[in-house]
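**Q** Below is the structure I would like to discuss, written out as structure tokens.
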Amino acid sequence: MPITLDDIEPELSDAEAAFRHGGQNSERGLDVSDAGLVQLRKACRSLSGAEKLLTDGYYTLTIEAAFTSIEKTFLFWLLYEGHQDPANPPQSHTTAINRSSEVGFISEEVASRLDDLWTENRAQTYYQDAIATRERAETMAALSTRIHRQIVHLVGLSHECICG
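Take the sequence shown: its letter number 25 is residue 25 in full-length UniProt numbering, and every next letter is one higher.
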């Protein structure tokens with residue numbers, strides 16, 4: 001028997017209304033008007049979340065948060081350097097990686113390997129075709145942290161990070 005509107009109507013209406021209406025309590029640290037800084041700080045939140053999830057043994061979510069942090073960190077750089085229009089968000093999760101290569105920020109080899117890592121592992125882990133392990137989660141958390149720190153250092157905006 002399918003789920004019908006009667007089964008979830010109040011919660012669905014509440015969720016729809018929550019996204020329609022402003023004036024809500026926003027997440028601390030994300031209340032900046034600069035699109036690039038929003039992405040930087042979302043990357044920070046993803047890193048922090050990944051570490052907490054890893055500690056709690058949630059490997060699938062750790063991997064997801066690590067991939068998200070990589071995406072958001074590259075998007076931050078693209079916005080900061082004027083290579084991405086904030087009004088035109090990326091159309092896929094690997095767009096920021098590939099665009100970073102197109103403009104010469106990362107090598108084609110790095111972009112290709114990150115794209116392959118995403119394509120071959122993120123979706124499979126997320127949808128449970130592959131099993132998330134502690135080792136995979138730890139390596140993804142380390143990779144995302146390294147990329148994030150490297151980019152923030154290159155840009156010189158570590159004071160804007162809310163990591164931790």
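Cβ atoms here follow ideal geometry from the backbone N, Cα and C, with glycine treated the same way.
#1: Starting from the N-terminal side, write out each stretch of the alpha helix (DSSP H) that is 4 residues or longer and does not extend beyond the region 88 to 154.
#2: If I measure Cβ to Cβ from alanine 96 and keep anything under 7 angstroms in the same chain, skipping five residues before and after, which residues do I get?
#3: Below 8 angstroms on the Cβ atoms is my contact criterion, and I expect cysteine 161 with valine 152 to pass it. Report the Cβ-Cβ distance as a whole number of Å.
#4: Compute the distance between the beta-carbons of alanine 65 and serine 92, then report whether it is under 8 angstroms.
#5: Tell whether a beta-carbon distance below 8 angstroms holds between histidine 148 and serine 33.
#6: Output the distance between the C-alpha atoms of alanine 18 and aspartate 6, rounded to the nearest integer angstrom.
#7: DSSP three-state label for threonine 4, please.
#8: From which residue to which residue does the alpha helix (DSSP H) around leucine 30 run?
#9: Kindly give me the distance between the Cβ atoms of threonine 62 and alanine 130, rounded to whole angstroms, as I take these residues to be in contact under 8 angstroms.
#10: On the three-state DSSP scale, how would you describe glutamate 81?
#11: State the DSSP-derived secondary structure class of cysteine 161, mapped to helix, strand or coil.
**A** According to the structure data:
#1: 95 to 102, 108 to 117 and 123 to 126
#2: Glu71, Phe74, Leu75, Leu78 and Pro90
#3: 6 angstroms
#4: no
#5: no
#6: 19 angstroms
#7: coil
#8: Taken as a continuous stretch (DSSP letters only), leucine 30 belongs to no alpha helix (DSSP H), as it is neither H nor E.
#9: Contact doesn't hold; Cβ gap of about 14 angstroms is too wide.
#10: coil
#11: coil
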